[in-house]
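Structure, as structure tokens:
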Amino acid sequence: MATMHTLNTLSEFLLQAKTQFCVYDMGRKINKISTDDFMQFESAQRPYPAPLQRHAQFAITFWNKNENNQHYLWFLKFPLDEQGLLIQGTRNIFLNMVVESLGLMLEKTPSEEQQEQLATNPYVFKPSTDKVAMLNAVINRDLMRPESKYYPTAHNYFANKLGFEHWQEVGVQGICDIAARLDRDNNAQHIAAALPKLPTEPLYSLCLALEHEALPTAINEAIATLISQEAALATPNDVRLSMLIRALSSAPAQGLRTDLYPALFKHNNISQTIVALAGRCWHDLDDEARLLAFFEAAVQQQQGQELFIYLFSDLVAIPSLRNKVLAMLRNPNRTNTLGSAIGLLFRQQRS
1024 MATMHTLNTL SEFLLQAKTQ FCVYDMGRKI NKISTDDFMQ FESAQRPYPA
1074 PLQRHAQFAI TFWNKNENNQ HYLWFLKFPL DEQGLLIQGT RNIFLNMVVE
1124 SLGLMLEKTP SEEQQEQLAT NPYVFKPSTD KVAMLNAVIN RDLMRPESKY
1174 YPTAHNYFAN KLGFEHWQEV GVQGICDIAA RLDRDNNAQH IAAALPKLPT
1224 EPLYSLCLAL EHEALPTAIN EAIATLISQE AALATPNDVR LSMLIRALSS
1274 APAQGLRTDL YPALFKHNNI SQTIVALAGR CWHDLDDEAR LLAFFEAAVQ
1324 QQQGQELFIY LFSDLVAIPS LRNKVLAMLR NPNRTNTLGS AIGLLFRQQR
1374 S
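In our numbering, each residue's number is its place in the sequence shown (first place is 1) plus 1023.
Encoded structure:
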């Protein structure tokens, strides 16, 4: 039987306990992480692809078919080094605490005391309600389990069978179930048709669910139209724009998003939208000219220098962007406004 001395990773621990498990990134978006990729990340052989605040945030769902087949869910958050690699000592501390609390085999349902001990573990975190709901929908879909009891009401709502003004009857879990099952029950067609007509509250809840999914063309085009309409206003609604950008962030057609950016970058009152672009559309910023335009737009916002420093710190920690973000600091085409913000960044780093 393995002991703690021979268990070096969470993957080894879960395999030793004879469980099956799935891992999902819970940072910027909910994305499934393959077992091989997760093992390489745990052994510091590859960086975490999309760190958030220099941390890896992920969920592990695991179960033992030979026992009660009950599914368990851990939300874990570990610090990363400058290269995006796991600081392995923190994972080892967590693993030791779990073994001391639950044992090696995970054969029994944890007691209330054991659950409380795990909840107070410094490497356990609590995601937002909307993310938990979306993860539940994604896990149920991936494991071919039925959707929640809230799905039928949400389906009828987006099919406009209840009236769009009756959004209070629709649960967040139902909205997430719809977003995770766009290929069923004409859900994609219903969503595309409903988007221009939705009241603010259900629209925002839907956007927070759609941001995790590769959407079909009809929905992408409907969202892009709403963004274009909002960006054409003299004073666009920053919150609405940020939500719509988040919803479009996983669109397979990158050009559909990036074609919208010049119109967005003309505004100086969209700081939340700028933050949303960095947080959810970071993969669009791998183009040198677009990255520079993004930072130029950031420094034009209210408290632009502070916003620039926050965004720089966020994006430079993403392995795929790090070198390009650092190169931007020396770009000779930058404006004086951006140059001043870069100067403040250097002064803060020296102090």
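Backbone N, C-alpha and C define an ideal beta-carbon position, used for all residues, glycine too. Note that this is a predicted model, so its numbers are computed, not measured.
For the alpha helix (DSSP H) containing residue i, name the first residue and the last one.
i     : result
T1296 : S1294 to R1303
K1289 : Looking at the DSSP string, K1289 is not in any alpha helix (DSSP H), and its letter there is neither H nor E.
V1122 : Q1111 to L1125
E1244 : T1240 to A1254
V1161 : T1152 to D1165
S1228 : T1223 to L1233
V1262 : D1261 to L1271
T1281 : Q1277 to T1281
F1175 : Looking at the sequence itself, residue 1175 is Pro, so the reference to Phe does not match. It spans Y1174 to F1181 - the alpha helix (DSSP H) in which P1175 sits, taken as one unbroken run.
G1197 : V1195 to A1202
Are residue i and residue j close, meaning C-beta to C-beta below 8 angstroms?
i     : j     : result
Y1146 : L1103 : no
W1097 : A1082 : yes
Q1324 : N1291 : yes
R1303 : E1234 : yes
I1293 : L1264 : yes
M1062 : K1154 : no
L1221 : F1187 : yes
M1157 : I1053 : yes
P1275 : A1237 : yes
Y1173 : Q1140 : no
I1198 : A1182 : no
V1161 : A1203 : yes
A1364 : G1327 : yes
G1107 : P1342 : yes
L1361 : E1319 : yes
D1309 : L1271 : no
L1205 : P1239 : yes
I'd like to know if residue i contacts chain B, where contact means its C-beta is closer than 8 angstroms to some C-beta of that chain.
i     : result
F1064 : Looking for chain B here will not work: only one protein chain is present.
DSSP has residue i in a bridge; who is on the other side?
i     : result
V1147 : L1099
A1067 : According to DSSP, which records beta bridges pairwise, A1067 is partnered with nothing at all.
N1210 : Answer is none; N1210 lacks a bridge partner.
A1079 : F1101
F1317 : F1317 is not bridged to any residue.
Q1043 : W1086
D1048 : N1054 and F1081
Within its chain, find whatever has a CB closer than 7 angstroms to the CB of residue i; leave out the 5 residues flanking it on each side and keep chain order.
i     : result
A1301 : L1334, D1337 and L1338
T1042 : F1085, W1086, N1087 and L1129
F1044 : L1037, I1083, T1084 and F1085
M1027 : The pLDDT assigned to M1027 is 49, lower than 50, so where the model puts this residue is not dependable, and the model offers no usable value.
F1224 : Here residue 1224 is Glu; the residue named in the question, Phe, does not match the sequence. Taken in chain order, the residues that qualify are W1190.
Q1277 : D1307
Might you give, ordered along the chain, the residues of its own chain that have their beta carbon closer than 6 angstroms to the beta carbon of residue i, omitting 5 neighbours on each side?
i     : result
A1025 : Legend: pLDDT at A1025 = 46, less than 50; position of this residue unreliable, no value from coordinates given.
Q1371 : none
A1245 : A1215 and L1218
K1184 : none
R1357 : none
A1254 : A1286 and L1287
V1046 : I1056, F1061, F1081 and I1083
A1340 : P1074 and R1077
Y1180 : V1193
R1269 : C1230, E1234, A1299 and R1303
H1213 : F1181 and A1182
Take residue i and list the residues in its own chain whose beta-carbon comes closer than 8 angstroms to its own, dropping the five residues that flank it on each side.
i     : result
F1101 : H1078, A1079, L1109, I1110, T1113, R1114, F1117 and Y1146
S1251 : L1283 and A1286
R1313 : T1281, Y1284 and D1307
L1330 : S1294, I1297, V1298, A1321, V1322 and Q1324
D1165 : C1045 and K1055
S1374 : none
N1163 : P1169, E1170, S1171, D1200 and A1203
Identify the continuous beta strand (DSSP E) that holds residue i and give its terminal residues.
i     : result
N1054 : N1054 to I1056
| said: List, from N- to C-terminal side, the alpha helix (DSSP H) runs of 4 residues or more that fit wholly inside the region 1336–1371. | reply: 1345–1351
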